[in-house]
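Report on the structure given below.
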Amino acid sequence: MTLSRRTFAGLGAAALSAAAFGAAVRPALSQESGGSPDKLLMPGPLGEHVLGEASAPVTIVEYASLTCGHCANFHEHTFPELKKRYIDTGKVRFIFREFPLDQPQGVPLATAGFALANCAPEGTYFDVVGLLFEKLDVWAASPNPANALFDLVKQVGFTQESFRECLTNQEVLDGVTAVRNRAHTEFGVSSTPTFFINGKMVRGAMSIDEMAELIDPLLKS
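Just so we're aligned: the sequence shown equals residues -22 to -1, 1 to 199 in mature numbering (1 follows the signal peptide of the UniProt record, and there is no 0).
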C-alpha cells in the first residue's frame, strides 16, 4: 500500500469512524496466555522500540494503534506513572509495537502515523508517538489529515520533502504492516491496546493501579 499527500487530500471526518469509535467505550480488561515468550521477544523488520533496561525483571510489550482512543488515554494518564515508577527505576523493560487499526477501504491514518514515527530523527520515535496520541483529536478528525499530520511532525524535524518521502516509502509501510500481521497471526492480538506482561496477554487499557497489581508480584518472585 502506497501513501501520498494526495491520498489524504479528499478525506472527510466521516471517514474517520475508527478514531471516533476508539474513544467511545473502554473495553473490559481480560487476561490470556500469550504464547511463547521467546518468540514474542523477537524483533520485527523495523527493529524494536524499547524503553528501560535489558536486565529488567519484567518485560511489557504493548500493541497499540495511533487512532485508538483507549491507547491515547493510556499513554496520557497511565504511561507517565508507569515510566516513573517502573521503567526509569530498572524494574520494567517496555517494548512498543505497531498495530494500526485502519478501515479496509479507508485512508490508513494509523499506518501513516507509525511510518512517520519510524522515519523520524533517531531517538525521537516515542516523541512522535506521544505527540500523535496527545493530538489525536486534532489530526485524526481533521478534514485534511495530511496537513494536520505535517503540522505536528515538523516539530521534530520533518520537512515537506521528508514527510512525502516517508509516506511513500514502501519498505517502512510494509514493515509496519508486517508487525501488525505477525501480532495477529502468531500472538492472537485483535484489539488495542493489548499488553504482554512477561508473556501473559492482557487486553484493554489499564490504570496504574491495575498495572501494579500485575507487575508487583513478578518483582517479588
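Backbone N, C-alpha and C fix where the C-beta goes; we use that ideal spot for every residue, glycine too. Keep in mind the model is a prediction, meaning the values are calculated, not measured.
- Rounded to the nearest angstrom, the Cβ distance from isoleucine 193 to valine 70 is 7 Å, consistent with a contact under 8 Å.
- At the C-beta level, leucine 18 and phenylalanine 173 stay beyond 8 Å of one another.
- The residue from Arg63, Leu197 and Glu100 with its alpha-carbon nearest to that of valine 134 is Glu100.
- 8 Å or more divides the Cβ of alanine 190 from the Cβ of histidine 48.
- Shown here, leucine 197 sits in a helix according to DSSP, grouped into three states.
- Per DSSP, reduced to three states, the secondary structure at threonine 37 is strand.
- Counting along the chain, the unbroken beta strand (DSSP E) around threonine 172 starts and ends at 172 to 175.
- Per DSSP, arginine 181 is one residue of the beta strand (DSSP E) stretching across 178 to 181.
- Nearest Cα to lysine 62 within the set Ser168, Gly30, Thr45 and Ala88: Gly30.
- Valine 131 sits close to valine 106, with the two beta carbons spaced by under 8 Å.
- Taking each of Ser33, Lys198 and Val150 in turn and checking the Cα distance to glycine 68, the smallest one comes out for Ser33.
- About 6 Å separates the beta carbon of phenylalanine 77 from that of alanine 161, a gap short enough to meet the 8 Å contact definition.
- Secondary structure in the region 18 to 70: the beta strand (DSSP E) runs of 3 residues or longer, each lying completely within the stretch, are 27 to 29 and 36 to 42 in chain order.
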